[in-house]
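Notes for the one structure printed next.
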Amino acid sequence: SFNESFFTYQNIRKSWTRTKAFYLMPDSSLPVLYSFRRCPYAMRARMAIAKAGVVVQLREVVLRSKPAHMVDISAKATVPVLQLTNGDVIDESIDVMLWVLSQSDPDAWLQEGFHEALALIEENDGMFKPLLDRYKYFVNHPEHSQQYYREQAAAFFELLELKLVQHGAVGLLGARIGLADVAIFPFIRQFARVDLKWFSQSKFTRLVAWFENFERSELYLNVMNKYPAWNVGDATTVFPEHGSRGNINRL
Numbered sequence: 036s037f038n039e040s041f042f043t044y045q046n047i048r049k050s051w052t053r054t055k056a057f058y059l060m061p062d063s064s065l066p067v068l069y070s071f072r073r074c075p076y077a078m079r080a081r082m083a084i085a086k087a088g089v090v091v092q093l094r095e096v097v098l099r100s101k102p103a104h105m106v107d108i109s110a111k112a113t114v115p116v117l118q119l120t121n122g123d124v125i126d127e128s129i130d131v132m133l134w135v136l137s138q139s140d141p142d143a144w145l146q147e148g149f150h151e152a153l154a155l156i157e158e159n160d161g162m163f164k165p166l167l168d169r170y171k172y173f174v175n176h177p178e179h180s181q182q183y184y185r186e187q188a189a190a191f192f193e194l195l196e197l198k199l200v201q202h203g204a205v206g207l208l209g210a211r212i213g214l215a216d217v218a219i220f221p222f223i224r225q226f227a228r229v230d231l232k233w234f235s236q237s238k239f240t241r242l243v244a245w246f247e248n249f250e251r252s253e254l255y256l257n258v259m260n261k262y263p264a265w266n267v268g269d270a271t272t273v274f275p276e277h278g279s280r281g282n283i284n285r286l
């Protein structure tokens, strides 16, 4: 559970996988981030990195041909994977977010409603994400129709809509965007893009406005630049490019 000690703020610095890697990095003064542009888990990690202003080496991954180094340092071999300069590896997206924000947290995301944010993220990752996968790839789950999966997922939309009503339609848990918003948005984006017309015309008007605000934000746009797939020997790609933390607090 996200609410157990593994995810408490006091244990952030102890919670990541301590897998040592014996590879020389092109620039050992910077952490290395393995990422895939469209992956929602990697997207949330990149947004937190950009907001914190923590500079990393970005290595764009082709999922069908994962770099040997990434596979060697992370047994699960899924993005994001962040290798710190001391060799430690963080390979869960929420842990990446928590680590970079423990280095720099300009908007106090780790202080304002922290445990409530983790509980909402857990619901997103544990309940909503499986329904999203079935909705998007419904042909692989013929036991129910695509509409059925959409209706099941709508229960989570009801919750998010209520949160936005309670907080003035800006942030899910407050009067401004925070940890939960950034962690959950990439998955709402993925769901919305399956049938954007349906989503845009749905009854979840505040959630739609929140989603559209994110898609226009500097923070989101700055982490969605396209990069070529990384190969051994390539020059270092520094991320974020301009050190921009972006603005995502205004509708």
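In this text, residue positions in the sequence shown follow this note's numbering: the first is 36, and each later residue adds one. All C-beta atoms, glycine included, are put in the ideal place defined by N, C-alpha and C.
Would residue i pass as a contact of residue j if the rule is Cβ separation under 9 Å?
{"i": "V135", "j": "V89", "result": "yes"}
{"i": "L98", "j": "V114", "result": "yes"}
{"i": "M78", "j": "V258", "result": "yes"}
{"i": "F220", "j": "F249", "result": "yes"}
{"i": "L208", "j": "E151", "result": "yes"}
{"i": "V67", "j": "Q118", "result": "yes"}
{"i": "S100", "j": "A270", "result": "no"}
{"i": "V217", "j": "R211", "result": "no"}
{"i": "K86", "j": "D130", "result": "no"}
{"i": "F222", "j": "L153", "result": "no"}
{"i": "N266", "j": "P102", "result": "yes"}
{"i": "S109", "j": "D126", "result": "yes"}
By the 10 Å Cβ neighbour count, where 16 or more other Cβ atoms means buried, how is residue i classified, buried or exposed?
{"i": "A83", "result": "buried"}
{"i": "A80", "result": "buried"}
{"i": "R169", "result": "buried"}
{"i": "L256", "result": "exposed"}
{"i": "R185", "result": "buried"}
{"i": "L155", "result": "buried"}
{"i": "S235", "result": "exposed"}
{"i": "W233", "result": "exposed"}
{"i": "S252", "result": "buried"}
{"i": "G268", "result": "exposed"}
{"i": "N159", "result": "buried"}
{"i": "L133", "result": "buried"}
{"i": "L254", "result": "buried"}
{"i": "F57", "result": "Note that F57 scores 34 on pLDDT, short of 50, meaning its location in the model is unreliable; the coordinates nonetheless yield the value given after this. So F57 counts as exposed."}
{"i": "P177", "result": "exposed"}
Could you have a look at residue i and say whether DSSP puts it in helix, strand or coil?
{"i": "E95", "result": "strand"}
{"i": "L325", "result": "Outside the modelled stretch of the chain, which goes from 36 to 286, sits residue 325, for which no answer is possible."}
{"i": "Y262", "result": "coil"}
{"i": "F274", "result": "strand"}
{"i": "L256", "result": "helix"}
{"i": "V205", "result": "coil"}
{"i": "L197", "result": "helix"}
{"i": "V67", "result": "strand"}
{"i": "T43", "result": "Confidence is the limiting factor: at T43 the pLDDT is only 48, short of 50, which leaves the residue's position unreliable, though a coordinate-based value still follows. Of the three classes helix, strand and coil, the one that applies to T43 here is coil, per DSSP."}
{"i": "M60", "result": "Here the model assigns M60 a pLDDT of 44, short of 50, so the residue's position is not dependable and the matter cannot be decided."}
Under 9 Å, Cβ to Cβ, is there at least one residue of chain B near residue i?
{"i": "G203", "result": "You won't find chain B in this structure, because it holds only one protein chain."}
Measure how close the beta-carbons of residue i and residue j come, nearest whole angstrom, since I'm counting them as under 8 Å.
{"i": "F71", "j": "V91", "result": "Contact flag wrong, Cβ pair sits at about 15 Å."}
{"i": "L242", "j": "L199", "result": "6 Å"}
{"i": "F246", "j": "E196", "result": "Not a contact, Cβ separation roughly 11 Å."}
{"i": "Y76", "j": "S128", "result": "4 Å"}
{"i": "F191", "j": "F149", "result": "That pair is no contact at about 21 Å."}
{"i": "K171", "j": "V116", "result": "About 24 Å separates the two Cβ atoms, so there is no contact after all."}
{"i": "S64", "j": "T120", "result": "6 Å"}
**Study point:** Secondary structure, alpha helix (DSSP H): runs of 4+ residues fully inside the stretch 115–179
**Key:** 128–138, 149–158, 164–171
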